[in-house]
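Protein chains in written order, with this note's numbering: chain A, 1 to 850; chain B, 1001 to 1189. Below you'll find the structure, written out as structure tokens, and then a few comments.
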Amino acid sequence: MAANPKVEAVGRDLRSGEEYRLIGTAFRRVDGRAKVTGRTQFADDLDFPRMAYVKLVRSTVPHARIRNIDLSAALAMDGVLGTLVGAELPDKFGILPVSEDEHALAVDTVRFVGDPVAAVAAVSEDIAHEAALAVKVEYELLPSISSFDEALRTPEPQMHDYADDGNIHKKVSLKFGDVEEGFEEADMILEDTCYFEGNTHLAMEQHSAVGVPEDAGRVTVYSSTQTPHYVHRALTKVLGLPASRIRVVACSNGGGFGGKSDPFNHEMVVAKLALKLGRPCKVTLTREEVFYCHRGRHPVLMHLKTGFKEDGSITSQHLRTALDGGAFGSYGVASTYYTGALQTTTYRIPNYWFEGARAFTNKPPCGPKRGHGTPQPRFAFEVHLDKAAHHLGIDPAELRLRNLQPPDSVTANWLRIGLIELRECIEAVVRGSGWKERYGKLPEGRGLGLACGAYLCGAGLPIYWNHMPQSGVQIKLDRSGCVAVFCGETEIGQGSDSVLAAIVAEVLGIELEDIRLCVGDTDLTPVDLGSYSSRVTMMVGHAAMQAAERARDIIARAVAAQLRVSETELVFADRRVFPAGDPDDGLDFSAAVVAAEARYGTLGTTGSYIPPRAPGRYRGAGVGPSPTYSYSAAVVEVEVDPQTGVYDCRHVWMAHDIGQAINPVLALGQIEGSIYMGLGEAMMEEQVFRRLPKKLSAALVHKMPSLLEYKSPGFHDMPGITSYMIESRDERAPMGAKEVGQGPLLPIMPAVVNAIFDAVGVRVDQVPATPELILKGLEAKARGRPARVGPTRFPRVDYGTPVEVPTPEQGGDGRARHDPKHRGLRSASGTMKDRDEALKERRSATLTTA
Amino acid sequence: MATATALPTGFTAAVLRVNGDEYPVVFPTHHTLLEVLREQCGLTGTKHGCELGECGACAVRVDGEAVLSCLKLAVEVRDSEVETVEGLQDGNELHPLQRAFADFGAAQCGYCTPGILMVANALLDRNDDPEDAEIYEALSGNLCRCTGYHRIVTAVRWAGAMARGDDWRPPEEDFHGADSQAPHAERSG
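Here's what the structure looks like:
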């Protein structure tokens, strides 16, 4: 088909300030009925004839070489169909190409209690369980590492030979601007050491996957995954099959929060067993096993040093982080960068030095949890700012307002900031909470705390280097008037199906009921990278808009010819297509599709999205860029019992810079869910371990791998919530809509501890801020000692020679100083230069594929 | 029980009554009601989160009472009426609880939803106009990781109102967000 003539006036210009018809209304989510009737099919709800049940045999020791695996007793049991060991799947996988360090089943070495060693398949789950217990594994114990400090002290034996330095997996040192000079200009220099304990996603659904052998040597894997495309890639590598013979279907996830974003060993195992046994094979993890899968929040120790002028403006900042990564790479390299990358997005930091390091430890691997690497340094920064405000005698809200990063700017670390409504957010929560009248003036035991945050609207780069679309949407229309929308996106509860359907319906002027979705299926749907980094609304939304606009243009051309009117007069609304001046003259939507189908044949369109290229060109610049950022501000009110340290959150005021809510009820649900999860992290949640006594193997074991013992907030723990959505459409985002799934979590943890300080004068520089810690602070205060609890030292880490990058203000070009000639990485899809040239030809940052 | 001798040791045969339907099933005697509902009856609407009675995802009603089906053996309910989420709707019409949950964002991922719906259903059958505190109390054994709980409590109130024919609905702020220009108002917390 010839290039589409631009049909300017068809529908409306959705990027302008015009009213939307469906976008912004509180419609019932498209999967709402299925979710309340029990019809939503989660992975464990699937059942196939002849299906076998799989159990994994997991390591009981934290670090050991496997001497022998004896499967004979298991294989002798009635009903056991087969087994699998690591040697049968020797190829490694992992979410990041730089750290493919996982085996489907341990090959020589186990690295944490819970690391899978073997798998058994049986005709029933009971028999599989018994058989797994009957597998005997002999281990030769190796020394194990329980913390960052131990990893630093124990370079040998290395857990993974690709680590940067001993058992320090990754080291980063990035210096932007003249940090030392910035400190010299400061009137006050503040230093803080803070700690953020690890915690886990605790999605209600336990991970589950079913492998199904198909005709012609193909295999299908149904899984509770947030990232079917990445699982597809990992399976291709591990099974040694062409990608075209593997199909991955992402079932609706019963909650993800980042915990189902990695390709997992159990997915590899059921695929291989399905091919080996010629039967469908299902694995569903127990709750205990979910704690071993983990990939949750990294425990991070942080040291923050910031220079301030008397008026509160920031002159320089030096941030050091130490991450306890667990046994594998997972997303850890990205997590390490993220503990520094977004620090510059909220307030202007002219000179910035970030040093980060991640250690390997013999514990379940950490990875991305809601906010991925950002909540920890955000916590430190916002607590630090609260202290700075006190020292300088400036109101904490005012201090933040004075430092706001300007819109349409580039930060010292070369992130391009778009629309920023943080001022409005701060003002809304200040007004709503009565901050000016109440902060510092509430009776002893009650207090207010304020904090802010910012988050990505989609990571700018894909996980593996390529220049292809990061999201694709395909639309099929026919004479029925039904619009079928195909997209690889994954519904994890956040409402991605509803976002996709609503955007297509809005553009075509039809109802949600006219749309049929096919999502998260690597055979049937165009690639979307998955539900992570708050990328879905931005990227799926852009691709959906493009596909829908192309469909609209084709229909408009046919209708214009049939009605003998100009295309530019046509309006798509109320399931009709009609001339703006003569609404009665139009066609029903299905009749309009008939006109187009008759004229142009079978109808189909596609849409794609690639984020614009970010200006940073230094090594590490790939983590942090996003098409735009969302902003949040929160005020939390607490009441602390000074006798016990027990405290309640009484109320949370949260304002979120959302651009445009696609559906305000779903958006508010994301804000409330983020507040809830943030309060859990602030007050109680911790994924922690203990070493068993020597006589009991000295293993490092999870303290509480159960839903009851891992404390998370219940119905009674929730405070009142007032949520403000600051709607100011961002032209970088589809329909103007920014993310809302992760950003509002960020201010909660620091706002809670800032409120505790206002209530009882105790600084709690770590989370969870437990009553025991507060009590310790109160006791210190009573004895006239500093009323501060938290870490007191930061380890000596050799972060290596810093990569020095001149800032935009210094006239830099985004490259590091003394950078050896930047050749550009080459992938199967070309180099970045190739991509830039291809995009230039199309004169658009949105790749077109018509 | 003419065929009882044909049954292998460790298995039980029974006709379970679920949502008014009869399910003739054979199952391992030690299996829980949760397992038999999902695996023998094909009623996968009832979910599992822990299988230890910690999360409430598996709640169903047995003779009207909300119970955790993971802590109940199927053999214990042979003479009982079991109700699950699949039986909540009336024909093809959603129950008021289902309508309220779907329209008010009280179900996000929807995994904890069936259990919560069944507990709330038992509550509303006892009292169709519960105070918030009663709703909190009734649902205190259920965990949800997505919503932050408020929408669940309010949806239960809304459903109660719908069932009573009362036109109460949640405040507008819960549909569109609070007015960011509004000054501070004292709240009860």
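Here a beta-carbon is modelled for each residue, glycine too, at the ideal position from N, C-alpha and C. Nothing here was measured: the structure is a model prediction, and the numbers come from that model.
query: Alpha carbon of D648(A) to alpha carbon of E310(A), nearest angstrom; result: 35 Å
query: Chain B contact residues for Y53(A), given Cβ-Cβ distances below 9 Å; result: Per Cβ cutoff of 9 Å: no residues; Y53(A) is ~10 Å from chain B at best.
query: Contact set between the segment 1025-1045 of chain B and chain A, restricted to residues whose Cβ is under 9 Å from the partner; result: P1028, H1030, H1031, E1035, R1038, E1039, G1042, L1043, T1044, G1045
query: Exposure label - K170(A); buried when at least 16 CB within 10 Å; result: buried
query: Contact with chain A by S1140(B), beta-carbon distance below 9 Å; result: yes
query: N- and C-terminal bounds of the alpha helix (DSSP H) containing S674(A); result: 664-683
query: Candidates L477(A), A64(A), F354(A), of which the one nearest D862(A) by Cα; result: Any answer about residue 862(A) is impossible in this case: the structure gives chain A only from 1 up to 850.
query: Cutoff 9 Å: R1061(B) Cβ touching any chain A Cβ; result: no
query: Distance CB(A634(A))-CB(A661(A)) smaller than 9 Å; result: no
query: Proximity to I426(A) [Cα-Cα], best of A234(A), S632(A), R479(A), H266(A); result: S632(A)
query: G800(A) and K781(A) closer than 9 Å at C-beta; result: no
query: Limits of the beta strand (DSSP E) - the one that G182(A) falls within; result: First-last for G182(A): 179-185, but that is the alpha helix (DSSP H), not the beta strand (DSSP E).
query: Opening and closing residue of the alpha helix (DSSP H) in which E125(A) lies; result: 125-134
query: Inter-residue Cα distance where the pair is I554(A) and D31(A); result: 29 Å
query: Residues near P1170(B) in its chain [Cβ-Cβ closer than 7 Å; skip 5 each side]; result: F1104, T1154, W1158
query: Residue-level contact to chain B via CB, F381(A), 9 Å cutoff; result: no
query: C-alpha gap between R12(A) and T605(A), whole angstroms; result: Only weak support is given to the placement of R12(A): the predicted model assigns it a pLDDT of 41, under 50, and the value that follows is read from those uncertain coordinates. Cα to Cα, R12(A) sits roughly 19 Å from T605(A).
query: Status (buried if at least 16 other CB within 10 Å, exposed otherwise) for R1078(B); result: exposed
query: Residues that W653(A) bridges to, as DSSP identifies them; result: V635(A), T722(A)
query: Where the segment 723-745 of chain A meets chain B: residues whose CB sits under 9 Å from a CB there; result: S723, Y724, M725, I726, E727
query: Own chain, CB closer than 8 Å to V1075(B), minus 5 neighbours either side, in chain order; result: T1012, A1014, T1029
query: M268(A) versus F715(A) - alpha carbon distance; result: 37 Å
query: Pick from R550(A), Y618(A), S261(A), F578(A) that is closest to A561(A), judged by C-alpha positions; result: F578(A)
query: Pick from V527(A), A412(A), L142(A) that is closest to L174(A), judged by C-alpha positions; result: A412(A)
query: Near-chain B residues of the segment 228-254 of chain A - C-beta to any C-beta below 7 Å; result: N253, G254
query: Which listed residue (E597(A), G720(A), S533(A), A699(A)) has its alpha carbon closest to that of P625(A); result: S533(A)
query: Residues of the segment 685-709 of chain A with Cβ closer than 8 Å to any Cβ of chain B, in chain order; result: S706, L707, L708
query: Alpha-carbon spacing of T339(A) relative to A216(A), whole angstroms; result: 46 Å
query: Residue from P299(A), V646(A), S566(A) whose Cα sits closest to the Cα of A769(A); result: V646(A)
query: C-alpha distance - Y609(A) paired with D126(A), whole-angstrom precision; result: 47 Å
query: CB contact below 9 Å: S409(A) versus chain B; result: no
query: Residues within the segment 1068-1087 of chain B neighbouring chain A, beta-carbon criterion of under 8 Å; result: T1084, V1085, E1086
query: Q317(A) - containing beta strand (DSSP E), residue span; result: 314-324
query: Residue of G434(A), G449(A), P350(A) minimising C-alpha distance to S409(A); result: P350(A)
query: Sheet register partners of K282(A) (DSSP bridge); result: Y53(A), V210(A)
query: Local conformation of F379(A) per DSSP, three classes; result: helix
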